[in-house]
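In the numbering used here, the protein residues as written are 3 to 118.
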Amino acid sequence: MITLYGISNCDTIKKAKKHLTDNNIEFKFHDYRKDGVNEQMVSEFADKLDWEQLVNKRGTTYRALTDEQKQSLTKESAIPLLVEQPAMIKRPVLVNNGSYHLGFKAAQYDEIFNND
Numbered sequence: 003m004i005t006l007y008g009i010s011n012c013d014t015i016k017k018a019k020k021h022l023t024d025n026n027i028e029f030k031f032h033d034y035r036k037d038g039v040n041e042q043m044v045s046e047f048a049d050k051l052d053w054e055q056l057v058n059k060r061g062t063t064y065r066a067l068t069d070e071q072k073q074s075l076t077k078e079s080a081i082p083l084l085v086e087q088p089a090m091i092k093r094p095v096l097v098n099n100g101s102y103h104l105g106f107k108a109a110q111y112d113e114i115f116n117n118d
């Protein structure tokens with residue numbers, strides 16, 4: 003089963019969902035705000051993906067952190083922060099047959115699903 007994780011009003015999520023739908027790829031969407039986020043989920047993302055890339059440093063939530071919080075960010079300190087502020091998780095996270103992918107580019111998704 004393919005699961006797409008993110009926030010429904012995110013433009014990148016909308017593009018990823020449209021791409022999957024247009025290519026007749028069945029998927030389940032997990033909305034962080036509606037379906038929730040927990041430490042186990044974020045820890046798994048951080049283990050399977052580069053935890054530093056998992057942190058969305060372009061968003062307003064990250065920019066609102068203090069300089070001290072940003073400079074002292076480690077994998078261990080990032081996980082509870084991402085659970086508390088799921089908007090700070092870079093989107094989307096795509097899980098396909100146990101394989102984890104971060105972000106969306108049409109060519110990347112084409113490659114992922116043409117190899118199945």
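Note that beta-carbon positions come from the ideal geometry of N, C-alpha and C, so glycine has one too.
Every value quoted in this text rests on a predicted model; they were computed, and no experiment measured them.
Rounded to the nearest angstrom, what separates residue i and residue j at their Cα positions?
i      : j      : result
Lys16  : Lys50  : 24 angstroms
Met43  : Gln73  : 24 angstroms
Asp118 : Asp69  : With a pLDDT of 48 at Asp118, under the threshold of 50, the modelled position of this residue cannot be trusted, and the question is left open.
Ile114 : His103 : 9 angstroms
Ile27  : Arg35  : 24 angstroms
Arg60  : Asp24  : 28 angstroms
Asn116 : Trp53  : 27 angstroms
Mind checking whether residue i and residue j have CB atoms under 7 angstroms apart?
i     : j     : result
Leu6  : Pro82 : no
Thr62 : Gln87 : no
Phe31 : Ile4  : no
Glu41 : Val85 : yes
Mark residue i as exposed unless 16 or more other C-beta atoms lie within 10 angstroms of its C-beta, in which case mark it buried.
i      : result
Asn58  : buried
Ala109 : exposed
Ala66  : exposed
Met90  : buried
Gly100 : exposed
Gly38  : exposed
Lys107 : exposed
Lys20  : exposed
Quick check on this structure: which residue in the options has the alpha carbon closest to the alpha carbon of residue i?
i     : options                : result
Thr76 : Ala48, Ile9 and Ser10  : Ala48
Asp13 : Ala80, Lys92 and Glu78 : Lys92
Check the DSSP bridge columns for residue i and list the partner residues they point to.
i    : result
Ile4 : Asn98
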